[in-house]
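To start, the structure under review is shown below, and the notes come after it.
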Amino acid sequence: MSADVLTLPRKEPEGSIEPMLALTAPGMNQVNQVILDRMQSEVPLIPALAGHLISGGGKRLRPMLTLAGAELVGYTGNRQHKLAAAVEFIHTATLLHDDVVDGSDLRRGKAAANIIYGNPATVLVGDFLFSRSFELMTEDGSLKVLKILSGASAIIAEGEVDQLTAQRKIDTSEERYLHIIRAKTAALFAAASRIAAVVAECSEEQEQALDEYGRNLGVAFQLVDDAMDYDSNAAAMGKDRGDDFREGKMTLPVILAYARGSAEEREFWKAAIGGFKTSDADLDHAIELIDRHNAVADTKARARHFAQCAIDTLSIFPDGTARQAMTQAALFSVARGY
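The opening position of the sequence shown corresponds to residue 1002 in the working numbering, with each subsequent residue numbered one higher.
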């Protein structure tokens, strides 16, 4: 896949998360209660640290995918609530671990848990939340659901390790980058969507469609996140602008700017990404080069492509409130970057 393949029109997308919020609101009340109950412990630090992140904002899109998928396929049971909580616990655990690995200062616009409570406690509470997620899976009793969610957890870990080994390697390919984000981000989106079809005992075609919806949505979501690291809207998303740059992460904006750059520009990228100290001036120059080569705009264009792929997979389901909400959520995943 060439670095110049992005030729999609750069049109501001439309989309809203509100239909998804409205669709899943009753179910999310039950999910939130499960989360609150299961994050409790006789060790006071555990709910304090977990609650710092869990109550710190975020729309809980991943558990909403499980609930929306259940609505889409007409499931009338209640198994989706505990499983959606399990999905959110997996996600929260990975965020806690990520912030330690990355040395992050901010998460959702406020001090990250590791800054307040320290790295050891943050890692251990992440482990606790993973254990709670598996507890909820086993209570559900479906080996297939357990296989899907445990498999996704392993893939996420593999993706994070792969990203770590690609860190500061300027020759990281676009293909490897996409492989990493499919693992570290999209795998949980896919699993969260797919398990709705499993509990409803849907056809293999419907199960696969929901899996692909979540997977494509997850890729689009991560592409926008990575674009925003070099965009003026980073602070609005609760991120420090330039975090990925300072950590030497090879994301698509850098990959594109490097591939399209002059020999002199490539030398800058080699020194900046390959080194362990970067200045504010380096970040300013990186943003200048990324803008010069339309790397953020083209990353967002790629995100729109994957969002549309997610929407297309829903075509096998009847049109209705759930399908429209999931369509809007896919569009919103990109629109939030504008």
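Glycine residues also receive a C-beta, built at the ideal position from the N, C-alpha and C atoms. Every value quoted in this text rests on a predicted model; they were computed, and no experiment measured them.
CB contact flag (residue i, residue j, <9 Å)
i     : j     : result
Q1207 : V1074 : yes
L1096 : R1108 : yes
A1330 : A1287 : no
L1290 : E1175 : no
A1094 : F1131 : yes
T969  : I1256 : Beyond the ends of the chain as shown, which are 1002 and 1339, falls residue 969; an answer cannot be given.
Q1164 : I1181 : yes
I1171 : G1275 : yes
S1143 : V1199 : yes
G1219 : F1190 : yes
F1269 : R1169 : no
L1068 : G1028 : yes
A1221 : A1311 : yes
Contact belief for residue i with residue j at Cβ below 8 Å, rounded distance in angstroms
i     : j     : result
R1216 : R1247 : No, R1216 and R1247 are not in contact; Cβ-Cβ is about 29 Å, not under 8 Å.
A1197 : A1071 : 4 Å
A1193 : R1063 : 5 Å
D1230 : D1212 : Between D1212 and D1230 the Cβ distance is about 28 Å, and since that is not below 8 Å, they are no contact.
I1018 : K1060 : 6 Å
A1114 : L1054 : 5 Å
H1294 : R1267 : About 12 Å separates the two Cβ atoms, so there is no contact after all.
N1079 : V1101 : In fact, because the Cβ distance is near 35 Å, the residues do not count as touching under 8 Å.
Sequence-distant residues of the same chain with beta carbon closer than 7 Å to residue i, five excluded per side
i     : result
A1122 : L1046 and L1050
Q1325 : P1020
H1098 : V1124 and G1127
I1116 : D1106
A1282 : none
T1008 : Any reading at T1008 must be qualified, since the residue scores a pLDDT of 42, below 50, and its modelled position is unreliable; no value is offered.
E1140 : K1083
G1249 : Q1168, R1169 and I1274
V1225 : K1301, A1304, S1334, V1335, R1337 and G1338
D1227 : D1245, T1252, L1253, P1254 and T1300
Proximal residues to residue i (C-beta, below 6 Å), its chain only, five neighbours per side dropped
i     : result
R1133 : R1039 and F1090
Q1223 : I1182 and T1186
T1314 : A1210, E1213 and Y1214
K1271 : I1171
F1129 : I1047
F1135 : none
Under the three-state DSSP convention, the category residue i falls into
i     : result
K1111 : strand
A1198 : helix
D1103 : helix
Q1041 : coil
H1306 : helix
K1185 : helix
I1352 : The question about residue 1352 has no answer here: the residues shown for the chain are numbered 1002 through 1339.
R1261 : helix
Y1178 : helix
D1313 : helix
K1170 : coil
P1027 : helix
K1148 : helix
P1319 : coil
D1232 : coil
K1250 : coil
H1294 : coil
A1287 : helix
G1275 : helix
E1140 : helix
G1127 : helix
Residue environment, residue i, which counts as buried when at least 16 other CB atoms sit within 10 Å
i     : result
D1005 : Legend: pLDDT at D1005 = 40, less than 50; position of this residue unreliable, value from coordinates given subsequently. Burial call: exposed.
S1003 : For S1003, the predicted structure reports a pLDDT of 39, less than 50, and the residue's modelled location is therefore unreliable. The matter cannot be settled from this model.
M1327 : buried
P1010 : Residue placement at P1010 is flagged as unreliable, the pLDDT there being 43, under the threshold of 50; the coordinate-derived value follows with that caveat. Exposed: under 16 other Cβ atoms inside 10 Å.
T1300 : buried
V1297 : buried
V1044 : exposed
I1317 : exposed
F1307 : buried
T1077 : exposed
A1026 : exposed
D1232 : buried
A1201 : buried
Beta-carbon contacts of residue i that lie in its chain and below 8 Å, excluding the five residues immediately before and after
i     : result
E1015 : L1332 and A1336
L1137 : V1035, R1039, K1083, L1084, A1086, A1087 and F1090
T1322 : P1020, L1024 and E1072
P1319 : none
9 Å Cβ cutoff, residue i in contact with chain C
i     : result
A1311 : In the structure shown, chain C cannot be found, because there is only a single protein chain.
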